[in-house]
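Before any comments, here is the structure.
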Amino acid sequence: FEAKSGAKVVINNMDHEAHKTAIRSYLVVGAPDICFWFSGNRMKAFVAKGLFDDISDLFARENYKSVLGATTSAVTVGDKQYGLPMGGILWGLFYRKDVFAQHNWTPPKDWKEFLAFGEAAKSANLVPISMGTKELWPAGGWFDHMNLRINGLDKHIALMDGKVQYTDPVLTPVFDKWNDLLKAGFFSPSHSSFGWEQAGAALAQKKAAMMDLGGFVRSAFPEADLPQLAYAPFPEIVPGVARYEDFSVNSIHVPANAKNKQGARDFLAYFYKPENLGAFLAAEGAIPPRNDCPPSHDPLVNAAVEELKKVVATSQYYDRDTDPDMAQEGMTGLQEFMVKPDRRDQILGRLEKTRKRIFG
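The sequence shown lines up with residues 152 to 511 when you count with the working numbering.
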């Protein structure tokens, strides 16, 4: 882009978790020309504060709707586009093919099989589900899977939108079944003291049987072991509930306070060409949002694309689907439940107070 335009591109790399805090400040004072963020509710919170630029003009000029299709909705508020969707992350259970072959296991398809699999993993001295909740959000993702499989998408999104109480009996079977897993020792011990990367390393090192994450779990694996990594959908819990999955779509934006908005648009038009976007997304194993991106050389990405065709509808992820303050309180509570499940009533009562305060 520099060679073609004569413009200078400065890249500011920042730790993923630190960026979640920093963006709240730099969008107001000292905004860059371009920033990465999350689509959906996380984006809408900044749109409501007037901190992301309306780039509908760029959408129309480049005819993006024709190559993005339904994904356009992830960056749309009131018929206007405020960002470009980046790679998608399909969440589910990841495992090593060689470990499953060694024990003659197949990925569990329903709850009965899942419980039996967990006991078999423990008998083989493996942690059934590797999890690190230090960053909180992995607990939110596990809740999403359970709630989507038990209550379906509409009730799940109603909860995310603050229309269902956290003390509603509809959530009782979710926490009952989750508690069964906790009592049975299905998750990594001391999971609250380490992050997802350490949990991913345990999967790579054959210390755990499965892990709930997105395709970026690849970063925990040595290159030589990547062909062993495979995806399986979260098992069915209630027969008849359609298959809904978390599919998170990251995004890229022009801050409203950017100094060079035209330059930002020119850069995005170049960056978002199918061959450039495809090359950028390949490194993180994300699913391209454009339907004209070159086919991936990554079997995990291609498998995720095929899996998505079987999914009836998607949510994004707990901390992307609900209000940011509710998400922070909610994920803190869900992590606490995993550590001290006997405090469930107090935790849900506290989350209900938060819901009332935020949503009214």
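Each residue gets a CB set at the ideal place from its N, CA and C atoms; glycine is no exception.
Taking a contact to mean a Cβ-Cβ separation below 8 angstroms, would you say residue i touches residue j in this structure?
| i | j | result |
| --- | --- | --- |
| residue 317 | residue 502 | yes |
| residue 293 | residue 363 | yes |
| residue 344 | residue 285 | yes |
| residue 279 | residue 272 | yes |
| residue 381 | residue 248 | yes |
| residue 359 | residue 466 | no |
| residue 300 | residue 160 | no |
| residue 437 | residue 240 | yes |
| residue 227 | residue 400 | no |
| residue 473 | residue 192 | yes |
What is the DSSP secondary structure of residue i, counted as helix, strand or coil?
| i | result |
| --- | --- |
| residue 387 | strand |
| residue 237 | strand |
| residue 305 | helix |
| residue 312 | coil |
| residue 194 | helix |
| residue 366 | helix |
| residue 323 | helix |
With a CB to CB cut of under 7 angstroms and the five nearest residues on each side skipped, what residues in its chain are close to residue i?
| i | result |
| --- | --- |
| residue 441 | 218, 219, 425, 428 |
| residue 479 | none |
| residue 275 | 254 |
| residue 246 | 258, 360, 361, 381, 383 |
| residue 352 | 371 |
Could you check which residue in the options has the C-alpha nearest to that of residue i?
| i | options | result |
| --- | --- | --- |
| residue 370 | 215, 347, 359 | 347 |
| residue 234 | 402, 384, 375 | 402 |
| residue 471 | 215, 307, 259 | 307 |
| residue 435 | 491, 377, 481, 395 | 377 |
| residue 296 | 379, 200, 394 | 394 |
| residue 244 | 265, 231, 232, 252 | 265 |
| residue 443 | 206, 168, 215 | 215 |
| residue 169 | 187, 156, 493 | 187 |
| residue 507 | 312, 453, 207 | 312 |
| residue 368 | 223, 283, 511 | 283 |
| residue 423 | 204, 277, 213 | 213 |
| residue 167 | 375, 182, 189 | 189 |
Assuming residue i and residue j form a contact by the criterion Cβ under 8 angstroms, report the distance between their Cβ atoms to the nearest whole angstrom.
| i | j | result |
| --- | --- | --- |
| residue 439 | residue 303 | Actually they do not touch by this definition, with Cβ atoms about 28 angstroms apart. |
| residue 365 | residue 288 | No, residue 365 and residue 288 are not in contact; Cβ-Cβ is about 11 angstroms, not under 8 angstroms. |
| residue 475 | residue 196 | 6 angstroms |
| residue 388 | residue 334 | Not really, about 17 angstroms apart at Cβ, beyond 8 angstroms. |
Excluding the 5 residues flanking residue i on each side, which residues of the same chain have their C-beta closer than 8 angstroms to its C-beta?
| i | result |
| --- | --- |
| residue 165 | 173 |
| residue 184 | 405, 406, 409, 410, 411, 412, 414, 415, 418 |
| residue 158 | 152, 414, 417, 418 |
| residue 179 | 202, 408 |
Sorted by chain position, which residues of the same chain lie with C-beta nearer than 6 angstroms to residue i's C-beta, five sequence neighbours on each side aside?
| i | result |
| --- | --- |
| residue 487 | 498 |
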